[in-house]
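The opening position of the sequence shown corresponds to residue 15 in this note's numbering, with each subsequent residue numbered one higher.
Here the structure comes first, spelled out in structure tokens, and everything after it is commentary.
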Amino acid sequence: MHIQELSLETRHLANQKEFYRATLGLPLLAETADSFIVQVGTTRLRYQSAQQDVLYHVAFTIPRNKYTQAKSWLRQRVSLLRKNGEDEIFFANLNARSFYFCDAANNILECIAHYNLDHETEGAFGPADMLHVSEIGLPVEDVPAQAAILKETLDIKPYGGSVSENFAFLGDIYGQLVMVKTGRPWLPTETVQAIVSPVQLTIIGQRSRQLQLSPYPYALTMIERASSP
15 MHIQELSLET RHLANQKEFY RATLGLPLLA ETADSFIVQV GTTRLRYQSA
65 QQDVLYHVAF TIPRNKYTQA KSWLRQRVSL LRKNGEDEIF FANLNARSFY
115 FCDAANNILE CIAHYNLDHE TEGAFGPADM LHVSEIGLPV EDVPAQAAIL
165 KETLDIKPYG GSVSENFAFL GDIYGQLVMV KTGRPWLPTE TVQAIVSPVQ
215 LTIIGQRSRQ LQLSPYPYAL TMIERASSP
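In structure tokens:
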């Protein structure tokens with residue numbers, strides 16, 4: 015499941031554009047008076063101006079051979095978040111390692127290296143090594159019920175574990191929807207609670223379908239993966 019486009023909202027458009035363009039060094043593809051788009055590897059990430067409070071969790075996949083370089087590169091630009099005194103987390107069920115930081119709007123961002131993903135790059139770490147957006151958080155009231163809708167409608171299944179009352183990791187090694195119960199703190203914090211915020215998502219998957227995950231402002235468009243010749 016590849017995340018091709020991700021559209022989010024922000025009350026801090028100018029600061030967000032500066033952060034993603036200058037701090038992270040991502041290419042600016044387009045901008046208007048009330049939006050901008052940056053390229054994150056194979057994903058187009060769009061922020062639209064909004065008036066309401068919003069909060070997101072977004073993860074970027076990085077090459078498995080550049081985790082240490084990536085962490086050093088980001089540490090020179092942002093403050094890494096900590097949990098129990100540690101600035102990284104290893105997920106044994108995913109065979110993946112992550113570190114976290116905030117953007118200019120205090121969204122929780124994550125860089126994650128999946129060691130089962132055979133994608134390595136050469137040279138020093140840089141913005142081009144953010145390979146794609148691989149996670150977007152979707153807070154809901156009833157995790158099992160909404161996860162079942164995604165499975166039935168789009169055939170998006172649990173990855174790296176089962177569905178619980180408070181959490182479901184849905185998708186595959188390339189892209190995941192992180193479904194959590196509203197109010198649950200986002201890792202690695204204990205205080206930044208998940209809130210419902212508008213998300214528009216275009217993913218490449220097994221079929222061509224659209225889903226509005228009612229009653230939430232989550233619009234998902236799935237484009238069928240092209241067949242190999």
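We put the CB at the ideal spot given by N, CA and C, even for glycine.
Express the C-alpha separation of residue j and residue i in angstroms, rounding to a whole number.
i	j	result
Pro243	Gln65	For Pro243, the pLDDT reaches just 49, beneath the cut-off of 50, and the residue's location in the model is therefore unreliable, leaving the point undetermined.
Met236	Ser211	20 Å
Ile252	Met15	In the structure displayed, the chain extends from 15 to 243; residue 252 sits before or after that span and is not available.
Cys207	Val68	Looking at the sequence itself, residue 207 is Gln, so the reference to Cys does not match. Distance between the alpha carbons of Gln207 and Val68 is about 11 Å.
Lys31	Leu22	13 Å
Gln90	Pro141	13 Å
Glu136	Arg78	11 Å
Arg58	Thr167	24 Å
Leu88	Leu94	8 Å
Going by C-alpha distance, which of the options is nearest residue i?
i	options	result
Glu19	Leu234, Arg239, Ala240, Glu238	Leu234
Thr82	Ser222, Val192, Ala138	Ala138
Ser86	Ala73, Tyr114, His71	Tyr114
Ala73	Arg111, Ile218, Asp156, Glu179	Arg111
Lys80	Pro229, Ala161, Met193, Tyr129	Tyr129
Thr185	Lys171, Arg198, Ile17	Here residue 185 is Gly; the residue named in the question, Thr, does not match the sequence. It is Lys171.
Gly55	Tyr70, Ala162, Cys125	Cys125
Ala44	Pro199, Thr37, Gln53	Gln53
Ile17	Pro202, Tyr188, Met193, Gln224	Tyr188
Asn98	Pro229, Tyr34, Thr203, Tyr230	Thr203
Thr216	Pro229, Ser228, Leu191, Leu201	Leu191
His26	Leu145, Leu131, Ser176, Ser63	Ser63
From which residue to which residue does the beta strand (DSSP E) around residue i run?
i	result
Arg24	Per the sequence presented here, residue 24 reads as Thr, with Arg not at that position. Unbroken beta strand (DSSP E) run through Thr24: 16-24.
Ser49	49-54
Ser112	110-116
Phe14	For residue 14 there is no data in the structure shown, the boundaries of the chain being 15 and 243.
Leu43	42-46
Tell me the residue span of the alpha helix (DSSP H) that contains residue i.
i	result
Ile209	No alpha helix (DSSP H) holds Ile209; DSSP gives it neither H nor E.
Lys195	First-last for Lys195: 190-195, but that is the beta strand (DSSP E), not the alpha helix (DSSP H).
Glu32	27-32
Leu168	157-168
Ser86	81-89
In chain order, what residues of the same chain have a beta carbon less than 8 Å from the beta carbon of residue i, not counting five sequence neighbours either side?
i	result
Glu179	Val157, Pro158, Lys195
Ala106	none
Within its chain, find whatever has a CB closer than 6 Å to the CB of residue i; leave out the 5 residues flanking it on each side and keep chain order.
i	result
Gln254	In this structure the chain extends from 15 to 243, so residue 254 is not present and cannot be described.
Gly219	Met15, Met236
Arg239	Ile218
Leu123	Val72, Phe115, Asp117
Going by DSSP, name the residue or residues bridged to residue i.
i	result
Tyr230	Partner(s): none; Tyr230 has no beta bridge.
Ile217	Ile17, Met236
Lys97	Glu100
Tyr61	Leu22, Phe50
Who are the Cβ neighbours of residue i in its own chain at under 7 Å, not counting the five residues just before and after it?
i	result
Thr205	Pro199
Leu42	Arg35, Phe50, Val52
Gly175	Asn107, Phe183
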